[in-house]
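**Student:** In the working numbering, the protein residues as written are 869 to 1165.
Every residue gets a Cβ at the ideal spot worked out from N, C-alpha and C, and that includes glycine.
Okay, handing you the structure first.
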């Protein structure tokens, strides 16, 4: 029965996708006429969770991208992702990774999988295998965009990334609940699963400050976040110098998240907001990336 329902909904879903795709085309024309330096002014979403589709379109219009290839971690089935619209609208080649084999199987059965130059890999990403997995892309390390969103070891994945991988644009998920002033991340755990680490689903990833410090060390400038407060955008230093895109500080660019995804021990949404979220995970252990030592939230 479920298979029949899916087959029946398939054509409907494809038509909705095409409508959204065309609406995105219209949005691009009007948004790119603006002269704002605020990334959030360019937001729109076609296939991204929030406004990342619009921000990416703005960035690739301002940057003379040399290698129209992307890699994205943590895409689930890719139906909602940072790079799907980039692939379809701008005909970029891509390589995506997700820890769920069923998600990747679903992706590979989608209409857009054969229509575009997209490769997919089902694997749980760790420090130990990340560079081996990326080599499966067949890309030589020259990328237009890399997006990391794995709800856990994001800081450690960026830290372990081989120097040959030099995307022009970098998108990193940050945990706004960790605040704007501390440079912290969850300790590395190869088997980290967000919902298992703490029932609230609020203990994961790294602060914006920690990610920005590491990105700067790797040669990237922070240029802002999305308005939802979960994705940060960076441009490689040598690339940024050829544009008028301004670099911003963590204090200037930090956006607190407003979405309310906290849960109780039974998995039920509790809708905590603001500082109430911090109280739930107050005594959880984090690593201060400045000192390398453990601290409590």
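#1: Just confirm the distance between the C-beta atoms of residue 1022 and residue 1074, as a whole number of angstroms; I'd bet it's less than 8 Å.
#2: Assign residue 1162 to one of three DSSP states: helix, strand, or coil.
#3: Would a C-beta distance cut-off of 8 Å place residue 1131 and residue 1067 closer than the cut-off?
#4: Rounded to the nearest angstrom, what separates residue 1048 and residue 1101 at their Cα positions?
#5: Among 943, 1134, 1161, 1128, which residue has its Cα nearest to the Cα of residue 1146?
#6: Any idea what DSSP makes of residue 881, helix, strand or coil?
#7: Helix, strand or coil: how does DSSP classify residue 872 here?
#8: Could you pull the DSSP bridge partners for residue 1016 from this structure?
#9: Rounded to the nearest angstrom, what separates residue 1155 and residue 1055 at their Cα positions?
#10: Just to confirm my understanding: we take residue 1028, look at its own chain, exclude 5 residues before and 5 after, and list those with CB closer than 6 Å. What are they?
#11: Could you compute how far the alpha carbon of residue 853 sits from the alpha carbon of residue 928?
#12: Note down the Cα distance separating residue 873 from residue 901, rounded to an integer number of angstroms.
**Tutor:** Quick answer:
#1: Sequence index remark: in the chain shown, residue 1022 carries index 154 (1-based). Sequence index remark: in the chain shown, residue 1074 carries index 206 (1-based). Going by Cβ atoms, the distance from residue 1022 to residue 1074 rounds to 6 Å, so yes, they are a contact pair.
#2: Within the chain shown, the letter at position 294 stands for residue 1162. Residue 1162: strand per DSSP, three-state reduction.
#3: Looking up residue 1131 in the chain shown gives position 263. Looking up residue 1067 in the chain shown gives position 199. A contact, by the Cβ cut-off of 8 Å.
#4: The residue labelled residue 1048 in the question sits at position 180 within the chain shown. The residue labelled residue 1101 in the question sits at position 233 within the chain shown. Going by the C-alpha atoms only, they are around 15 Å apart.
#5: Taking the chain shown and counting its residues from 1, the one referred to as residue 1146 is at position 278. The shortest Cα separation from residue 1146 among 943, 1134, 1161, 1128 belongs to 1128.
#6: Locating residue 881 in the chain shown gives position 13, where the first residue counts as 1. Helix at residue 881.
#7: Here residue 872 corresponds to residue number 4 of the chain shown, with the count starting at 1. Low local confidence applies: a pLDDT of 48 at residue 872 is under 50, so the model's placement there is unreliable, and no value is given.
#8: On the chain shown, position 148 is the one that residue 1016 refers to. DSSP, once it has assigned bridges, lists 941, 1040 as partnering residue 1016.
#9: Residue mapping note: residue 1155 aligns to position 287 of the chain shown, counting from 1. Residue mapping note: residue 1055 aligns to position 187 of the chain shown, counting from 1. Between residue 1155 and residue 1055, the C-alpha separation is close to 6 Å.
#10: As a first step, residue 1028 must be located in the chain shown, where it is residue number 160. Here the set comprises 995, 998.
#11: A question about residue 853 goes unanswered here, because the residues of the chain that appear run from 869 up to 1165.
#12: Residue numbering aside, residue 873 sits at position 5 when the chain shown is read from its first letter. Residue numbering aside, residue 901 sits at position 33 when the chain shown is read from its first letter. Only weak support exists for where residue 873 lies, its pLDDT of 48 falling under 50; the value from the coordinates is given anyway. C-alpha separation (whole angstroms): 43 Å.
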